[in-house]
Amino acid sequence: MTAYKKLTPELARELEAIVGPGRFQFGEKVKDEYGHDEMPIYGRHLPEAVVLAETTEEVSEVMRLCWANDVPVTVRGAGTGLVGGCVPICGGVVLSTARMNKILRYDMKNLVVHTQPGVLLCDLAADALAHGLMYPPDPGEKTATVGGNVSTNAGGMRAVKYGVTRDYVLAMTVVLPDGRVMKLGKTVCKTSSGYSLLHLMIGSEGTLGIITELTLKLIPKPLRDVSLILPFANIAEAIASVPAIKLANLDPQSIEFMERDIVDSSAAFTGSPVFPTVVNGREAGAYILVTLVGGSEEELTLKMDRLGEVAEAAGAFDTLVVWTDNLKKDVWAARSAFLTVIEAETRLLDEMDVVVPVDRIAEFLVYTHDEAVKQGVYVRSFGHAGDGNLHIYCCSNDLEEDEFKRRVKKLMDACYHKCTEFEGQVSGEHSIGHAKKDYLRESVGETAYELMGAIKQVFDPKGILNPGKVCHDPERGCPTC
Ligand SMILES: Cc1cc2nc3c(=O)[nH]c(=O)nc-3n(C[C@H](O)[C@H](O)[C@H](O)COP(=O)(O)OP(=O)(O)OC[C@H]3O[C@@H](n4cnc5c(N)ncnc54)[C@H](O)[C@@H]3O)c2cc1C
1 MTAYKKLTPE LARELEAIVG PGRFQFGEKV KDEYGHDEMP IYGRHLPEAV
51 VLAETTEEVS EVMRLCWAND VPVTVRGAGT GLVGGCVPIC GGVVLSTARM
101 NKILRYDMKN LVVHTQPGVL LCDLAADALA HGLMYPPDPG EKTATVGGNV
151 STNAGGMRAV KYGVTRDYVL AMTVVLPDGR VMKLGKTVCK TSSGYSLLHL
201 MIGSEGTLGI ITELTLKLIP KPLRDVSLIL PFANIAEAIA SVPAIKLANL
251 DPQSIEFMER DIVDSSAAFT GSPVFPTVVN GREAGAYILV TLVGGSEEEL
301 TLKMDRLGEV AEAAGAFDTL VVWTDNLKKD VWAARSAFLT VIEAETRLLD
351 EMDVVVPVDR IAEFLVYTHD EAVKQGVYVR SFGHAGDGNL HIYCCSNDLE
401 EDEFKRRVKK LMDACYHKCT EFEGQVSGEH SIGHAKKDYL RESVGETAYE
451 LMGAIKQVFD PKGILNPGKV CHDPERGCPT C
């Protein structure tokens, strides 16, 4: 067991010498933003220093120094995480990759892009499109870094067709906790070559190594796409339509669900009410938003007709085609803004990101709402209906924080338990951080949890990299744990 050391002024000077004064903050100069992510309910913990690295070599030097001196290091991308993953709960250094923000080069023959980890998702997506290509992962927060996306195995709205971030990572450069640099993966389409350390690194939340370069797979941009809004009377009917939509052989790019109240809030927030509330004289209580892609207008028309038949047979009031590009942009902007809207309206907020089998979504939502009523907590939900991934937000504007946390814990204990019973998983895409550690343990069981801990021990025997996260119990000397 390593007793973490405090950063002495002498060590701070050595760190500063690695990156230069403009990219180093120490003591009182450390900015508040480095003490939290987008879910501050899990606690604010300022680091002792922040290093803004620009190269693999700098990251390696920082790690060698911190390793030699038992100083904990937590990597931070854009800090948009929702589980406290980039929060330095044991103090030490925050190593930011935000300045490693260069798209290095495209390899058009192999359809890959080489990039630094601090490139923002929105920048990569736009740049790829300008090259006639698409980077398929599409998580809601476009200002996250691709390094953060890889480290959390981010999902998003196109996962039902294209898969998640993991499916687009071919290779990476990693700095290990002791400062060694390792390359994993190659620009090849398949491999059967030993244990996949590459895939171990994906989704490891900065606990095993620091990603300093990525090779990401791209696909040709789909020729045509169309989005359709399906209004339903209530969430149960909306969700019940999903298996039929999936079975209809339409290969949709997205199947999202949303409840009416979040749609109303979003309309008020953006000033742009893009989801019709009364359709054919009936009040909509929930919606499914579908995107279809195709190679020609004819193909899309056939798919739209078929979707209409299936949806209306499942109880949709209508199949509303989002005809214009501007409207499509507004509809998806409204969908992407849901969490921002909830954040803006809510003083105390916590969340669940469970994933359950698609046929259990409605049952799980009903269970959650019932439990929330029992606990006196207001719950709002939306998510990826196509892959069973639910974003459930527990909200309060009037409870005291301690009372809110007490009630939410009871609610979450019940819901995560139900999720395990339904053969679901704790997190579909937001990860574990330190917020969901106990639920991970309960969900995967002792043997798997112990093996995860043993893997962490192999990569990071001193436990200095992002301590206290995923499956790691902080070592002696941590002031907060
Ligand atoms: C409004 C909103 C909507 C969101 N929608 C989605 C969504 O649809 N789907 C989804 O999956 N997530 C979503 N998220 C969550 C969040 O955006 C993702 O978890 C994202 O992948 C985090 O990226 P980041 O750059 O902000 O990472 P950070 O929050 O900075 O870090 C996240 C984790 O990754 C680690 N990390 C970061 N960079 C590296 C690196 N280079 N090497 C090693 N470890 C690293 C950190 O240590 C930490 O554990 C949303 C968040 C918000 C606020």
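When the letters of the sequence shown are read in order and numbered with the working numbering, they come out as residues 1 to 481.
All residues carry an ideal CB built from backbone N, CA and C; glycine is no exception.
Q) Taking Cβ positions, are cysteine 415 and methionine 352 nearer each other than 8 Å? A) The sequence position of residue 415 within the sequence shown is 415, counting from 1. The sequence position of residue 352 within the sequence shown is 352, counting from 1. For cysteine 415 and methionine 352, yes; Cβs fall inside 8 Å.
Rounded distance between the beta-carbons of arginine 13 and valine 51, thought under 8 Å: Within the sequence shown, the letter at position 51 stands for residue 51. Within the sequence shown, the letter at position 13 stands for residue 13. In fact, because the Cβ distance is near 13 Å, the residues do not count as touching under 8 Å.
* To do: Quick one: give me the first and last residue of the alpha helix (DSSP H) that histidine 430 is part of.
  => Taking the sequence shown and counting its residues from 1, the one referred to as residue 430 is at position 430. Looking at the DSSP string, histidine 430 is not in any alpha helix (DSSP H), and its letter there is neither H nor E.
| task | Inspect the beta-carbon positions of isoleucine 89 and histidine 472 and report whether they are closer than 8 Å. | result | For this step, residue 89 is matched to residue 89 along the sequence shown. For this step, residue 472 is matched to residue 472 along the sequence shown. Contact: no.
Since glycine 386 and valine 242 should fall inside the 8 Å C-beta cutoff, what is the C-beta to C-beta distance between them, to a whole number of angstroms?
Here the question's residue 386 lines up with position 386 in the sequence shown. Here the question's residue 242 lines up with position 242 in the sequence shown. Sure, about 7 Å apart at Cβ, within 8 Å.
Quick one: grab the DSSP three-state call for leucine 300.
Translated into positions along the sequence shown, residue 300 becomes position 300. In the structure shown, leucine 300 sits in a helix (DSSP, three-state: H, G or I).
Residues that DSSP places opposite aspartate 353 in a beta bridge: For the purposes of this step, residue 353 is identified with residue 353 of the sequence shown, where counting begins at 1. Paired residues: Ser427.
Within the region 221-279, note down every full alpha helix (DSSP H) run reaching 4 residues or more, in order along the chain. 235-240, 242-247, 260-270
Between the Cα of alanine 362 and those of Asp460, Asn234, Leu302, spot the shortest distance and give me the residue it belongs to. Against the sequence shown, residue 362 aligns to sequence position 362. Selected option, being the one with the closest Cα: Asn234.
Requested in this report: Measure the Cβ-Cβ separation of leucine 95 and methionine 39 and say whether it is below 8 Å.
Outcome: By 1-based counting over the sequence shown, the position of residue 95 is 95. By 1-based counting over the sequence shown, the position of residue 39 is 39. Taking 8 Å as the cut-off, the Cβ atoms of leucine 95 and methionine 39 do not count as close.
- Would you mind stating whether isoleucine 103 and glutamate 61 have Cβ atoms separated by less than 8 Å? In the sequence shown, the residue the question calls residue 103 occupies position 103. In the sequence shown, the residue the question calls residue 61 occupies position 61. No. Outside cutoff.
So within the region 15-88, which uninterrupted beta strand (DSSP E) runs reach at least 3 residues, ignoring any that extend past its ends? 24-26, 49-52, 73-76
Exercise. Could you please give me the residues that DSSP links to isoleucine 210 through a beta bridge?
Key: Reading the sequence shown from its first residue, position 210 is the one you call residue 210. DSSP lists Val175 as partners of isoleucine 210.
* Asked: Do asparagine 101 and ligand 1 come close, with the Cβ less than 7 Å from some heavy atom?
  -> Translated into positions along the sequence shown, residue 101 becomes position 101. Not one heavy atom of ligand 1 falls within 7 Å of the beta-carbon of asparagine 101.
One question on the structure: do methionine 172 and methionine 201 come within less than 8 Å of each other, judged by their Cβ atoms? Taking the first residue of the sequence shown as 1, we reach residue 172 at position 172. Taking the first residue of the sequence shown as 1, we reach residue 201 at position 201. It is a contact, given that the beta carbons lie within the stated cut-off.
Looking at methionine 108 and valine 226, is the spacing between their C-beta atoms short of 8 Å? For the purposes of this step, residue 226 is identified with residue 226 of the sequence shown, where counting begins at 1. For the purposes of this step, residue 108 is identified with residue 108 of the sequence shown, where counting begins at 1. Result no, Cβ atoms of valine 226 and methionine 108 do not sit closer than 8 Å.
- Message: If you follow the beta strand (DSSP E) that aspartate 107 is in, where does it begin and where does it stop?
- Response: In the sequence shown, the residue the question calls residue 107 occupies position 107. Segment 103-107, the beta strand (DSSP E) holding aspartate 107.
Is glycine 156 near ligand 1, judged by its Cβ being under 7 Å from some heavy atom? Here residue 156 corresponds to residue number 156 of the sequence shown, with the count starting at 1. Yes, the Cβ of glycine 156 comes within 7 Å of a heavy atom of ligand 1.
| said: Could you check whether the region 278-291 touches the region 248-267, counting it as contact only if at least three pairs of C-beta atoms, one from each stretch, sit closer than 8 Å? | reply: yes
Check this for me: beta carbons of leucine 339 and phenylalanine 364, under 8 Å apart or not? To locate residue 339, count along the sequence shown from 1; it is residue 339. To locate residue 364, count along the sequence shown from 1; it is residue 364. The answer is no: Cβ separation not under 8 Å.
TODO: Please list, in chain order, all residues of the same chain as glutamine 375 whose beta carbon is under 6 Å from its beta carbon, the five residues on each side excluded.
DONE: Position 375 of the sequence shown, counted from the first residue, corresponds to residue 375. Excluding sequence neighbours, glutamine 375 sits near Arg407, Lys410, Leu411.
Q. Comparing alpha-carbon positions, which option in Ala238, Ile342, Val188 lies nearest aspartate 261?
A. As a first step, residue 261 is located in the sequence shown; it is residue number 261 there, counting from the start. The shortest C-alpha separation from aspartate 261 is found at Ile342.
> With respect to the alpha helix (DSSP H) encompassing methionine 201, which residues constitute its N-terminal and C-terminal limits?
Replying inline: The sequence position of residue 201 within the sequence shown is 201, counting from 1. Secondary structure note for methionine 201: its alpha helix (DSSP H) is the uninterrupted segment 197-201.
Shorter than 8 Å from the beta carbon of cysteine 86 to some beta carbon of chain C? The structure shown has no chain C; it contains just one protein chain.
* Whose CA, out of Ser204, Glu423, Leu65, lies closest to the CA of aspartate 359? -> Looking up residue 359 in the sequence shown gives position 359. Of all alpha-carbon atoms in Ser204, Glu423, Leu65, the one lying nearest the alpha-carbon of aspartate 359 is that of Glu423.
Review point. By the 10 Å Cβ neighbour count, where 16 or more other Cβ atoms means buried, how is isoleucine 464 classified, buried or exposed?
Key: Your numbering for residue 464 matches position 464 in the sequence shown. Taking every protein chain shown into account, the CB of isoleucine 464 has 16 or more other CB atoms within 10 angstroms, so this residue is buried.
Tell me whether proline 487, by its Cβ, gets closer than 7 Å to a heavy atom of ligand 1. This structure cannot settle anything about residue 487, because the visible part of the chain is limited to 1 through 481.
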